[in-house]
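Top line first, the protein sequences correspond to chains Z and G. Numbering of the first sequence is given in my numbering, commencing with residue 14 and proceeding in unit increments. Numbering of the second sequence is given in my numbering, commencing with residue 3 and proceeding in unit increments.
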Amino acid sequence: MGVVTLTIDNKEVKAEEGMTVLEAAQSAGIYIPTLCHHEKLETYTACRICMVEVESRGRVRLDTACSHPVANDMVVKTRSEKINKIRKTLLELMLAHAPDSAILQEMAEEYGADKGRFEKESSFCIHCALCVRYCAEVKKKNAIGFVNSGTKREISFVPEIASQECWKCKECFPLCPTEALQAAYVLAGALTFPVAPFELR
Amino acid sequence: MAQIKSPEELEKIRQEVSTQRDPNRPCISICAGSSCLASGAGEVIAAFKAEIEKQGLKADVDTKAAGCPGLCEKAPIVVIYPQKICYVQVTPEDVPEIISQTVVGKKVIERLIYTDPNTGEKAAHEDEIPFFQKQMRLLIGDNMKIDPKSIEDYMAAGGYSALNKVMRDMSAEQVIEEVSKADLRGRSGSGFPAGFKWESCRKSKGDNTKYVICNCHEGDPGAFADRRLLEANPHLIVEGMIIGSYAIGACEAYIFVGDEFPQTVENARLAIEQAEKYGLLGKDILGSGFDLTMEVCIDGGGYVLGESTALMASMEGRIGEPRMKYDHGTDRGLWAKPTVLNNLQTWANVPLIINQGADSFAAIGTEKSKGTRIFSLSGKIKNTGMVEVPMGMTLREVIFDIGGGIPGDKKFKALQVGGPMGGFIPENLLDLHVDFEELNAAGLAMGPGLVVADEDTCIVDMVIYHLNFLANESCGKCTPCREGLKQMLRILNNITEGKGKESDIELLELISEVQQDAALCALGQGASGPLLSTLKHFRDEYEAHIKEKRCPGGVCKALIETLSETSA
Ligand SMILES: Cc1cc2nc3c(=O)[nH]c(=O)nc-3n(C[C@H](O)[C@H](O)[C@H](O)COP(=O)(O)O)c2cc1C
Ligand code: SF4
Numbered sequence: 014m015g016v017v018t019l020t021i022d023n024k025e026v027k028a029e030e031g032m033t034v035l036e037a038a039q040s041a042g043i044y045i046p047t048l049c050h051h052e053k054l055e056t057y058t059a060c061r062i063c064m065v066e067v068e069s070r071g072r073v074r075l076d077t078a079c080s081h082p083v084a085n086d087m088v089v090k091t092r093s094e095k096i097n098k099i100r101k102t103l104l105e106l107m108l109a110h111a112p113d114s115a116i117l118q119e120m121a122e123e124y125g126a127d128k129g130r131f132e133k134e135s136s137f138c139i140h141c142a143l144c145v146r147y148c149a150e151v152k153k154k155n156a157i158g159f160v161n162s163g164t165k166r167e168i169s170f171v172p173e174i175a176s177q178e179c180w181k182c183k184e185c186f187p188l189c190p191t192e193a194l195q196a197a198y199v200l201a202g203a204l205t206f207p208v209a210p211f212e213l214r
Numbered sequence: 003m004a005q006i007k008s009p010e011e012l013e014k015i016r017q018e019v020s021t022q023r024d025p026n027r028p029c030i031s032i033c034a035g036s037s038c039l040a041s042g043a044g045e046v047i048a049a050f051k052a053e054i055e056k057q058g059l060k061a062d063v064d065t066k067a068a069g070c071p072g073l074c075e076k077a078p079i080v081v082i083y084p085q086k087i088c089y090v091q092v093t094p095e096d097v098p099e100i101i102s103q104t105v106v107g108k109k110v111i112e113r114l115i116y117t118d119p120n121t122g123e124k125a126a127h128e129d130e131i132p133f134f135q136k137q138m139r140l141l142i143g144d145n146m147k148i149d150p151k152s153i154e155d156y157m158a159a160g161g162y163s164a165l166n167k168v169m170r171d172m173s174a175e176q177v178i179e180e181v182s183k184a185d186l187r188g189r190s191g192s193g194f195p196a197g198f199k200w201e202s203c204r205k206s207k208g209d210n211t212k213y214v215i216c217n218c219h220e221g222d223p224g225a226f227a228d229r230r231l232l233e234a235n236p237h238l239i240v241e242g243m244i245i246g247s248y249a250i251g252a253c254e255a256y257i258f259v260g261d262e263f264p265q266t267v268e269n270a271r272l273a274i275e276q277a278e279k280y281g282l283l284g285k286d287i288l289g290s291g292f293d294l295t296m297e298v299c300i301d302g303g304g305y306v307l308g309e310s311t312a313l314m315a316s317m318e319g320r321i322g323e324p325r326m327k328y329d330h331g332t333d334r335g336l337w338a339k340p341t342v343l344n345n346l347q348t349w350a351n352v353p354l355i356i357n358q359g360a361d362s363f364a365a366i367g368t369e370k371s372k373g374t375r376i377f378s379l380s381g382k383i384k385n386t387g388m389v390e391v392p393m394g395m396t397l398r399e400v401i402f403d404i405g406g407g408i409p410g411d412k413k414f415k416a417l418q419v420g421g422p423m424g425g426f427i428p429e430n431l432l433d434l435h436v437d438f439e440e441l442n443a444a445g446l447a448m449g450p451g452l453v454v455a456d457e458d459t460c461i462v463d464m465v466i467y468h469l470n471f472l473a474n475e476s477c478g479k480c481t482p483c484r485e486g487l488k489q490m491l492r493i494l495n496n497i498t499e500g501k502g503k504e505s506d507i508e509l510l511e512l513i514s515e516v517q518q519d520a521a522l523c524a525l526g527q528g529a530s531g532p533l534l535s536t537l538k539h540f541r542d543e544y545e546a547h548i549k550e551k552r553c554p555g556g557v558c559k560a561l562i563e564t565l566s567e568t569s570a
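Next up, the structure:
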């Protein structure tokens, strides 16, 4: 693997070919916020909070740092007026679901996001899919998945699998940026699991 | 039918098929397209068959369940050959009279001929009907002569002559050169040069297994041109795709089409089967050493499945969601193999270009947009249907001269161009030309559907309809698209309910901006098209709702009620 040199926030950074901008930034100690990214999971690019400005071959574009491959002479800006505006608005949209999430609140402070900007949504889920992907990719169980599409999309435990697997695993609970997944599990369990050993501790 | 082994043999069969047909023999062609079938064409066809039998004319008169000529407004359509007399809105009760009066008696039945909705002029002849006259029907002109279920009909109308020419005289490179010279551009609206795409794929070192896909998803509300053309003349697409696959070096070709269109799927499948039987698909096609299989791939998903990465994911059996991609489909596409994905209409133009030559194709249209464009016309328009016009025609000509304008003396309000990610324009922009650059510059896209709205439409309500469509038909994976659409709809619904605030417009614009900048795929990036174009051209309607609590279209119930309460 070759080494490429790029600039991130005016700092020269060396990275390995094939790395993403996010990985290169992290290796150089430059922070880029992420929500749906997880090292053990495949790149997902859904939350869009890691959007950065990438200038390469004379073209500037906005893209997700978690997916954008590094290249020689690339110039990356992790903050700009545009990026701040995007992140602030995305946070406000997500805070409508999870106003009490510690991670979101911390970011909201950084970007001046107003958690009351949009009317409160009924579901807590911000669709980072960490639980869904962790269960599918790492545990290979698919006990939780998405149902419906578009604005009606939501996570849902698959009762017949969840009732067998989840109570002894629960590894996805701490991944949830809204800290509400556990509660959702209990609720789903109470409502749907046929044989439910879902005593939680 | 025997497998054809060489271009010479194909030519012979084509000649035979043509000479067997007597051009003067009476033939009753009944459109068996979806619209006509829905309006009772099936019964009309059965009635003709029964009546011909009854009058003992079976040996002298043919009937044909033909492909859609596009005048769907007047379904069911019947054309009597050789005189080319066109009857509209035919019912089974009309059938005995048509046989005795027109087929036998050679007389025109006034009552059944086309009447121009504006001038009241009557036209008996297919060629005299203004709706057809003002079009340039290079791709759909023969539809009434072709039974989509008959490969022989297609051949008799000149079909597979382009394939023959290619296999006899042209190298793969020459085909690509011809398509590039013709300047054929992506008919999905992308405008991407097809020749360039084909060449990139041909030259791709990714893999020797290459694929070709025809995108006939066409999930836009109100659009039906692509699937109607596939249904009406499937061999045209099959031929275009065989030629393209030969040029690209592909070994498998797929037609991607929605499962809600059984008639389209059936005709496409049958066409592939017939081409296989003749040896136009399969191994060693026409003795050239070129192998190709073709299949129809049924999709059962929402609008977003038309997007290239979602489409390919769905074909691979994965969830049909878009994903970020940093290499071209022509290097890593379907199953990570080099792939060419083109719109159905892009493929449809290929035989024409080969037959007529690049120069004559490129002589039609504008400086950068060549050939014709097939649109479906729908909404508040007199002649709903499928039309083919030369690039460079104005939208006004398409809507008023061909489409006949607005029914019921209503006034025109807006035209939607480019589907749910396109935009709406007011009357004063109707002189825009059908041209990729010109439409893009106006914030529109050259999608397959043109939808007309009249004065009784509420712009805000119409935008809600489209955003609702996207809210249901997107995948919901990324934040700006999913959450943005939710909030936009909430705000707009408030506006139509009289709860709009002056700051709403600014907030809508902010969400739009973030979607354009940050959404994962082109759907989210373009989702604000209807909103932004109407904020630009019809801002007064939003303001009337917000400030005056008034709905200019007289549609929003809550506002009508508020008004009557205050005036009472
Ligand atoms: C949300 C979305 C829906 C799309 N739907 C279609 C479609 O129905 N048909 C189509 O040909 N292209 C559609 N496209 C464009 C395709 O991704 C692709 O660019 C096109 O098929 C390429 O064909 P062309 O180069 O011949 O125009 C869609 C794109 C997006 C983002
Ligand atoms: S923009 Fe919309 S359709 Fe595209 S990936 Fe995001 S949620 Fe899905």
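Backbone N, C-alpha and C fix where the C-beta goes; we use that ideal spot for every residue, glycine too.
Those residues whose C-beta sits under 6 Å from the nearest heavy atom of ligand 1 are, from N- to C-terminal order along the chain, G:G188, G:R189, G:S190, G:S192, G:F194, G:N217, G:H219, G:E220, G:G221, G:Y305, G:V306, G:G308, G:E309, G:S310, G:L343, G:N344, G:N345, G:T348, G:C523, G:A524 and G:L525. For Z:F137, no Cβ of chain G is located within less than 8 Å of the residue's own Cβ.
Rounded to whole angstroms, the separation of the alpha carbons of G:I513 and G:I562 is 29 Å. Contact between the region 62-77 of chain Z and the region 149-164 of chain Z is not established, with fewer than three Cβ pairs separated by less than 8 Å.
Nearest CB-CB separation between Z:S80 and chain G: below the 8 Å threshold. The DSSP-derived three-state label of G:C299 is strand. Think of a sphere of 7 Å around the beta carbon of G:P482: the chain Z residues whose beta carbon falls inside it are R61 and L103, in chain order. Secondary structure at G:M388: strand, using DSSP grouped into helix, strand and coil. Annotated three-state conformation of G:T266 is helix, per DSSP. Think of a sphere of 9 Å around the beta carbon of G:Y328: the chain Z residues whose beta carbon falls inside it are S80, H81 and P82, in chain order. Residues of chain G with a Cβ closer than 7 Å to the Cβ of Z:E132 are, in chain order, R492. Within the region 160-172 of chain Z, those residues whose Cβ lies closer than 8 Å to any Cβ of chain G are, in chain order, N161, S162, G163, T164, K165 and R166.
G:Q489 and Z:F131 do touch by the CB rule: their CB atoms are close to 5 Å apart, below 8 Å. At a threshold of 7 Å, G:K503 does not count as near ligand 2, since its beta carbon sits no closer than that to any of the ligand's heavy atoms.
Beta-bridge annotation (DSSP): G:Q418 is paired with G:F426 and G:V453. A distance criterion of 7 Å places the beta-carbon of G:R334 beyond contact range of ligand 2, judged by its closest non-hydrogen atom. Interface residue (Cβ-Cβ distance to chain Z less than 8 Å): G:K205 is not classified as such. Between the region 140-159 of chain G and the region 17-24 of chain G there are three or more inter-stretch CB-CB distances shorter than 8 Å, so the stretches are counted as touching.
Taking the Cβ of G:P324 as the reference point, at least one heavy atom of ligand 2 falls within a distance shorter than 7 Å.
Counting only runs of 3+ residues, the beta strand (DSSP E) found wholly inside the region 186-254 of chain G occupies 213-218, in chain order.
For Z:K154, not one C-beta of chain G is nearer than 8 Å to its own C-beta.
With the criterion set as a beta carbon lying under 8 Å from some beta carbon of chain Z, the region 405-438 of chain G has no members that meet it. A distance of 8 Å or more separates the beta carbons of G:C218 and G:I178. Judged by beta-carbon spacing, G:C480 lies beyond the 8 Å limit of G:V557, meaning their Cβ atoms are not closer than that value.
With respect to chain G, the C-beta atom of Z:K128 has no partner C-beta closer than 8 Å.
Judged by DSSP secondary structure, G:D144 falls outside any beta strand (DSSP E); it is assigned neither H nor E.
Close partners of Z:I99 in chain G (Cβ separation under 7 Å): V516, D519 and A520. The beta carbon of G:L313 sits closer than 8 Å to the beta carbons of I215, N217, H219, F258, D301, L307, G322 and L343 from its chain, once the five residues preceding and following it are set aside; these are given in chain order.
Relative to ligand 2, the nearest heavy atom lies less than 7 Å away from the CB of G:K479. In the same chain as G:P9, and ignoring 5 residues on each side of it, the C-beta atoms closer than 6 Å to its own belong to N166, M169, R170 and L288, in chain order. Contact between G:L452 and G:I401 holds, since their C-beta atoms are separated by about 7 Å, short of 8 Å.
Remark: C-beta atoms of G:P340 and G:D209 approach each other more closely than 8 Å.
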